[in-house]
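Residue numbers (my numbering): 1139 to 1273.
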């Protein structure tokens, strides 16, 4: 495969029996037609060469046409956790992103008597390395 992929998520949906799967797969099909995410919040984090940390809440106005759907939902603990991984001179942008397709899938799974019991993101580098082995 020569295509580069972005990060992917594994989603495990637990349903009571195979008869309820069609209701969930219908929701999945709908998401391919209108796949999208919503940006909820954004925080810029920088560690100076001297090791000092700077946190900047990114406001909706700084993002141009993108609107933050839940500005401030990212906690100080979330930002501090990420900051702890930064080396001197590094910066990061912490985004809280809602996968709207997963939200709808969760509703469909619940309506079918089930639940989304696990979701995990696989970094793009790992996905692309695995795809290269498939070639």
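Every residue, glycine too, gets a C-beta built ideally from N, C-alpha and C. None of the values given here were measured: they were computed from a predicted structure.
By Cβ distance, which residues of its chain are closer than 6 Å to residue i, with the 5 residues on each side in sequence left out?
i	result
residue 1221	1183 and 1191
residue 1214	none
Can you pull the DSSP bridge partners for residue i?
i	result
residue 1232	1181
residue 1219	Beta-bridge pairing links residue 1219 to no other residue.
residue 1191	1185
Applying the 10 Å Cβ sphere with the 16-neighbour rule, what's the burial state of residue i?
i	result
residue 1223	exposed
residue 1243	buried
residue 1252	buried
Quick one: residues in its chain with C-beta nearer than 7 Å to the C-beta of residue i, no 5 flanking neighbours on either side, listed in chain order?
i	result
residue 1206	1177, 1178, 1179, 1180 and 1198
residue 1229	1182, 1183 and 1184
Under 8 Å Cβ to Cβ from residue i, same chain only, skipping five residues before and after it: list those, please.
i	result
residue 1226	1185, 1186, 1187, 1188 and 1189
Nearest-angstrom Cα distance between residue i and residue j?
i	j	result
residue 1092	residue 1237	Residue 1092 is absent from the structure shown; the chain starts at 1139 and stops at 1273.
residue 1269	residue 1257	20 Å
residue 1239	residue 1208	17 Å
residue 1262	residue 1210	27 Å
residue 1219	residue 1164	37 Å
residue 1266	residue 1216	28 Å
residue 1246	residue 1195	34 Å
residue 1255	residue 1241	13 Å
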